[in-house]
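In this note's numbering, the protein residues as written are 776 to 1065. To start, the structure itself, in structure tokens.
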């Protein structure tokens, strides 16, 4: 039994149509995952990395905005949810069917995790259930056919519905934190190239050892303009945050990592929401209705 199995939560979860290995699911009933499951070595590295990032980067943000009931949107192996529980947060998470074996293997509490549909997000929580919802390194994979970098023709519509569903379960005055590699920054240290990458982009990326891409046109990554597009017509404010302390830059040659960390640490605040920032980290506040 997991140590957090019987920790009380103030968040009410609606009943779902079915369970997957004991975890509630809003996805269509199916025995076949849509995307490829994680390799054990990668899953282990994700658990290790996410615990450190949660402690050093995410938790301080959540404390600063006064959040206690929080939702990890695209929680992966579940390490962040567990780390936040250890730190005293009332944390929950959701992800796709592919992650269920990881949750089961770790005996993660069934009351804290939900299986969702990759193309139509439907969360079993009431409006305004959470003080904050956060999603880091996930939105760029929403609306793809393979869970990676091959975009569906309607990927923008899928992403807008996904973001609006996250905002629905965020309380009035609460926050949505959206983070991921910035499409307007020409280097991506976390992924391969978009499926439509040109030969020049492919050649430059092989030479550099990181993905080098054009910061214009259609691409699977996203930027602050995309956040504005997905929130169009919604009463909310967007504040760009620094990513200092978030990234390890492990794909960069070691002599250059200190330079990369110094770059993001000293990036002037007016440039955080521009193409000079390697990552988007958008703090979206859901405006209180009069």
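Quick reminder that beta carbons are idealized off the backbone N, C-alpha and C, glycines included. Computed from a predicted model, the values in this text were never measured in an experiment.
For residue i, which three-state DSSP category applies?
i	result
residue 800	strand
residue 992	coil
residue 857	helix
residue 916	helix
residue 947	strand
residue 1012	strand
residue 793	strand
residue 926	strand
residue 938	helix
Suppose contacts are defined by Cβ-Cβ distances below 8 Å. Is residue i in contact with residue j by that definition?
i	j	result
residue 944	residue 846	yes
residue 874	residue 856	no
residue 898	residue 864	no
residue 938	residue 1005	yes
residue 774	residue 958	Outside the shown range of the chain, which is 776 to 1065, sits residue 774, and nothing can be said about it.
residue 1017	residue 1060	no
residue 913	residue 798	no
residue 1047	residue 1002	no
residue 955	residue 1054	yes
residue 895	residue 936	yes
residue 902	residue 801	no
Kindly identify the DSSP beta-bridge partner or partners of residue i.
i	result
residue 1070	The chain is shown only over 776 to 1065; residue 1070 falls outside these bounds and no answer can be derived.
residue 889	869
residue 987	962
residue 900	788
residue 1060	950 and 1012
residue 835	None, per the DSSP bridge assignment.
If you drop the 5 nearest sequence neighbours on each side, which residues of the same chain put their C-beta closer than 6 Å to that of residue i?
i	result
residue 834	862
residue 941	848, 908 and 951
residue 930	918
residue 948	1063
Suppose you measure from the CA of residue i to the CA of residue j; what does that come to, to the nearest Å?
i	j	result
residue 825	residue 1019	15 Å
residue 1027	residue 964	7 Å
residue 970	residue 925	5 Å
residue 980	residue 787	47 Å
residue 927	residue 918	6 Å
residue 962	residue 792	43 Å
residue 850	residue 804	21 Å
Which residues in the same chain as residue i place their Cβ atom closer than 8 Å to its Cβ, once the five residues preceding and following it in sequence are excluded?
i	result
residue 1029	none
To which residues of the same chain is residue i closer than 7 Å at the C-beta, ignoring the five residues directly before and after it?
i	result
residue 854	821, 822, 825 and 826
residue 831	1020
residue 933	894, 917, 918 and 927
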